[in-house]
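Chains as they are written, first to last, in our numbering: chain L, 276 to 597; chain S, 54 to 630.
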């Protein structure tokens with residue numbers, strides 16, 4: 276197991292290097308750079324743009340830029356953002372906790388609701404409850420998240436139960452810490468529900484069909500025939516087998532923790548990574564984009580590793596193969 | 054665009070549905086007068102985070118908007134008529150040569166940390182910051198004459214002299230750039246760390262200005278809280294309706310809401326006090342105005358305008374016969390006559406816009422020349438002009454004198470859905486002339502490369518930010534200008550009228566008398582509309598929705614609905630039932 280993990284880690288390093296290099300190449304291939312936006316501004320002359328280009332190091336050959344950045348990266352320095360004039364790591368550190376708060380809550384809600392409900396629904400396949408949930412999950416898959424988010428905002432506006440966007444009331448910082456937490460939670464409800472609803476449908480349908488498949492397996496009949504207790508059948512035979520395909524999905528979901536909430540963040544005005552990165556890509560803020568790509572890639576690779584390790588623990592077939 | 058509209062309509066339908074239903078949830082807003090209109094709080098939303106709190110480095114509108122509350126310049130522009138008024142300066146004297154302007158600073162102005170403002174700060178701001186090649190200041194260009202910086206020196210604590218290499222009238226407007234405190238920033242300049250000073254990570258108390266407000270708190274991605282600067286000295290000549298210390302407001306809260314739909318909902322729910330409105334949002338908002346206690350203020354044509362221009366560059370890598378069409382005045386005029394601006398306004402801006410006749414917007418009351426040649430929609434006239442130029446129409450197709458079919462590529466940028474629909478409408482409007490247009494939307498960076506570097510374009514639909522002083526158009530209209538789009542960076546003017554425009558721009562910058570300058574720039578506008586190297590099209594109306602609780606609100610052609618932020622009051626409280 277440990278050897279396998281180490282091997283995987285070394286592969287991951289190579290993949291990561293590939294991702295970084297490719298992203299850098301693509302940023303370079305796309306026409307223009309951070310300063311191009313100024314090119315058609317009548318108040319800024321090409322001379323000033325040229326001098327800024329030199330200051331930002333954008334005039335250097337591609338390979339030199341890449342080597343400079345990599346060297347800084349090895350020293351733990353992600354570079355400076357052109358538009359904010361502050362270290363990229365500062366900006367990312369500012370936004371990551373907020374995004375994680377949102378996405379982790381959503382993941383917990385979605386998985387916590389979808390798995391038990393799917394097991395419950397599958398056991399009473401075709402029942403009213405199952406059919407209702409199935410149609411609901413269809414709806415949740417087909418409604419785009421940004422629309423759901425807008426509906427959420429509308430609900431907030433009509434009822435006044437929830438704040439309309441943002442993550443904090445403007446003047447709440449003066450209040451006690453308990454009140455502040457409550458305020459944050461109130462702001463968290465709608466965006467996290469929106470995100471959770473989006474993945475609920477997929478999870479529910481996957482888990483349900485997986486449970487149905489396991490239920491129809493001969494070993495289930497055998498287990499029942501042996502007179503095992505229902506709890507043992509459930510945990511050792513049904514759940515463990517049914518959750519197997521979802522573990523891989525869980526790994527992917529970990530990878531999306533930082534980047535998967537961009538739409539929701541935009542609409543609810545949640546101060547997270549998605550918004551920061553979208554803006555960085557649009558303004559071609561090179562090192563900020565690279566910092567975001569790096570974080571996203573690391574998380575995706577770690578998520579996959581974690582998923583594989585979980586499969587290893589859950590599935591004897593995988594253990595045998597390695 | 055379409056989707057946004059559908060969403061807005063959808064949002065608007067909901068309240069009307071619930072109104073009829075039992076226990077309708079639609080809320081009604083009412084106003085309760087506050088005992089004193091002072092010490093109120095103004096809230097509005099901005100679309101993105103400020104990128105820096107350093108005025109010298111600020112490059113995009115969010116940062117400059119925020120910094121406008123915290124810093125001031127020597128002069129300011131009156132939003133009513135565009136006249137230059139004193140701000141930090143008490144006044145100025147222009148000597149007879151026109152090359153030396155002496156400013157006297159207002160008495161008793163202090164930085165928000167209590168240090169007095171002196172002429173040294175002004176000298177520092179220009180000589181050590183804006184003119185410092187190591188500082189990433191994009192405003193450096195507008196602070197030069199023919200590439201030469203102004204000479205700035207202090208005579209005593211309150212007197213600063215600006216000398217220019219030749220008389221330069223736009224100087225006064227351009228000295229509206231923010232003045233910075235030497236006592237706080239000189240160390241950073243010495244250490245070469247100025248470009249990372251006063252960033253968004255700097256603690257708010259460290260940002261010190263002379264503006265009506267101070268930065269109290271900034272929560273990234275969420276909001277900025279500004280509080281009244283108790284040491285603020287208002288500019289001379291500001292009429293205050295209520296005798297009290299300015300600013301009247303206690304706090305300004307700018308919430309960062311990255312999405313226009315959320316912004317609109319927040320305004321409707323009473324969470325913000327004012328919001329910029331696009332023409333497509335007007336039908337929705339005008340229904341809600343009464344019950345939600347706000348007014349819609351239409352301020353007439355905004356400074357955003359769109360124009361059409363042609364590649365007249367003889368060296369451009371496009372067929373030379375096409376360049377020949379574009380270099381013909383009659384051909385350009387024919388295109389100008391073929392475009393139905395009313396239709397553009399009706400379709401693109403819901404009827405809320407105005408045709409723009411020439412290079413100066415009618416919103417610019419000081420310099421707009423009402424006598425310019427106007428191109429009304431007149432396809433017959435367009436046909437006559439083309440016929441005079443040797444073009445012939447066969448079976449509905451137009452051919453030039455040497456038999457080339459007239460087909461044109463029309464480029465615009467993909468980021469603006471409005472421009473794309475406008476390009477498609479223009480395509481249809483040129484069909485009756487027999488001209489075939491193909492619309493090519495390109496990503497902004499790609500487009501700017503093709504227009505400015507490779508010159509591989511034929512016709513372009515675009516917009517540029519206007520400035521109040523016509524001198525701001527010099528980079529576009531001077532034949533040597535780098536944004537002289539139709540034929541960039543000419544060594545010598547390639548047509549007599551371009552030579553004349555060059556002369557007019559020289560005269561215009563060299564004359565301080567406003568009446569005389571008006572005449573000079575009127576001549577330019579007349580040439581511009583006669584020769585139409587750029588066919589100016591339309592501009593949407595600038596519209597703002599303002600909560601009725603606010604006082605000190607006056608729609609102005611140039612400065613939005615707030616003539617001066619320090620005079621805004623909260624007259625009433627909003628009660629939502």
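The C-beta atom is built at its ideal place from N, Cα and C for all residues, glycine as well.
Comparing alpha-carbon positions, which option in the options lies nearest residue i?
i, options, result
"residue 253 of chain S", "L/369, L/588, L/287", "L/369"
"residue 376 of chain L", "L/545, L/324, L/514, L/452", "L/545"
"residue 390 of chain S", "S/317, S/319, S/486", "S/486"
"residue 279 of chain S", "S/290, S/353, S/265", "S/265"
"residue 667 of chain S", "L/421, L/328, L/435, L/352", "The shown model of chain S, from 54 to 630, leaves out residue 667 of chain S, and the question about it has no answer."
"residue 409 of chain S", "S/460, S/457, S/353, S/463", "S/353"
"residue 272 of chain S", "S/223, S/512, S/101", "S/101"
"residue 381 of chain L", "L/342, L/403, L/460", "L/460"
"residue 517 of chain L", "L/528, L/559, L/391", "L/391"
"residue 420 of chain S", "S/614, S/511, S/522, S/460", "S/522"
"residue 126 of chain S", "S/119, S/229, S/116, S/156", "S/229"
"residue 477 of chain L", "L/506, L/386, L/513, L/439", "L/386"
"residue 518 of chain S", "S/360, S/316, S/289", "S/360"
"residue 338 of chain S", "S/603, S/620, S/596", "S/596"
Using the beta-carbon of each residue, which ones in chain S are nearer than 8 Å to residue i?
i, result
"residue 359 of chain L", "104, 105, 252, 253"
"residue 492 of chain L", "Residues of chain S passing the Cβ test: none, with the nearest at roughly 46 Å."
Determine the direct distance from the alpha carbon of residue j to that of residue i, and round the result to whole angstroms.
i, j, result
"residue 73 of chain S", "residue 138 of chain S", "Legend: pLDDT at residue 73 of chain S = 35, less than 50; position of this residue unreliable, value from coordinates given subsequently. If I take the Cα positions, the gap works out to 54 Å."
"residue 593 of chain L", "residue 587 of chain L", "6 Å"
"residue 532 of chain L", "residue 436 of chain L", "27 Å"
"residue 75 of chain S", "residue 434 of chain L", "In this predicted model, residue 75 of chain S has a pLDDT of only 33, less than 50, meaning its place in the structure is not dependable; the value taken from the coordinates is given anyway. Looking at the two C-alpha atoms, the distance is approximately 15 Å."
"residue 77 of chain S", "residue 345 of chain S", "Residue confidence is low: residue 77 of chain S scores 37 on pLDDT, short of 50, so the model does not pin down where it sits. Its coordinate-derived value is still stated next. Distance between the alpha carbons of residue 77 of chain S and residue 345 of chain S: 16 Å."
"residue 114 of chain S", "residue 218 of chain S", "31 Å"
"residue 356 of chain L", "residue 362 of chain L", "6 Å"
"residue 319 of chain S", "residue 478 of chain S", "34 Å"
"residue 557 of chain L", "residue 304 of chain L", "15 Å"
"residue 350 of chain L", "residue 366 of chain L", "18 Å"
"residue 214 of chain S", "residue 296 of chain L", "53 Å"
"residue 298 of chain L", "residue 175 of chain S", "45 Å"
"residue 207 of chain S", "residue 173 of chain S", "6 Å"
"residue 566 of chain L", "residue 456 of chain S", "57 Å"
"residue 551 of chain L", "residue 82 of chain S", "36 Å"
"residue 62 of chain S", "residue 364 of chain L", "Summary for residue 62 of chain S: the model assigns pLDDT 44, below 50, so the residue's position carries little reliability; its value from the coordinates is reported in the next sentence. For residue 62 of chain S and residue 364 of chain L, the distance between alpha carbons rounds to 42 Å."
"residue 481 of chain S", "residue 386 of chain S", "17 Å"
"residue 577 of chain S", "residue 427 of chain S", "15 Å"
"residue 289 of chain L", "residue 280 of chain L", "14 Å"
Against residue i, what residues of chain L qualify as contacts under a CB-to-CB distance less than 8 Å, listed in chain order?
i, result
"residue 501 of chain S", "307, 311, 314, 315"
What span of residues does the alpha helix (DSSP H) with residue i cover, start to end?
i, result
"residue 389 of chain L", "363-398"
"residue 162 of chain S", "Note, residue 162 of chain S: premise wrong, no alpha helix (DSSP H); not H, not E."
"residue 577 of chain S", "567-584"
"residue 129 of chain S", "Counting along the chain, residue 129 of chain S falls outside any alpha helix (DSSP H), though it belongs to the beta strand (DSSP E) covering 128-130."
"residue 493 of chain S", "From DSSP, residue 493 of chain S is part of no alpha helix (DSSP H) but of the beta strand (DSSP E) over 489-495."
Please compile the residues from chain L whose C-beta is within a distance smaller than 7 Å of the C-beta of residue i.
i, result
"residue 599 of chain S", "None at all; the shortest Cβ gap to chain L is about 19 Å."
"residue 275 of chain S", "441, 442, 443, 546"
"residue 189 of chain S", "327, 330"
"residue 319 of chain S", "439, 440"
"residue 525 of chain S", "317, 318"
Taking residue i as the query, report the chain S residues whose CB atoms sit under 7 Å from its CB, ordered along the chain.
i, result
"residue 323 of chain L", "191, 193, 194"
"residue 432 of chain L", "318, 321, 322"
The beta strand (DSSP E) spanning residue i covers which residue range?
i, result
"residue 594 of chain S", "591-600"
"residue 347 of chain S", "347-354"
"residue 143 of chain S", "142-147"
"residue 515 of chain S", "512-515"
By the criterion of Cβ-Cβ separation under 9 Å, what are the contact partners of residue i in chain L?
i, result
"residue 249 of chain S", "355, 360, 361, 362"
Are three or more beta carbon pairs between the segment 127-135 of chain S and the segment 604-614 of chain S nearer than 8 Å?
yes
Hey, is the segment 362-374 of chain S in contact with the segment 435-451 of chain S, meaning 3+ C-beta pairs nearer than 8 Å?
no
Could you tell me whether the segment 533-542 of chain L touches the segment 304-322 of chain S, using the rule of 3 or more Cβ pairs below 8 Å?
yes
On the three-pair Cβ rule with 8 Å, is the segment 191-204 of chain S touching the segment 237-249 of chain S?
no
Tell me whether the segment 397-406 of chain L and the segment 483-491 of chain L touch, counting them as touching only if at least three CB pairs, one residue from each stretch, are closer than 8 Å.
yes
Taking three-plus beta-carbon pairs below 8 Å as touching, is the segment 518-527 of chain S in contact with the segment 496-509 of chain S?
no
Would you call the segment 469-480 of chain L and the segment 416-430 of chain L touching, i.e. three or more CB-CB distances under 8 Å?
yes
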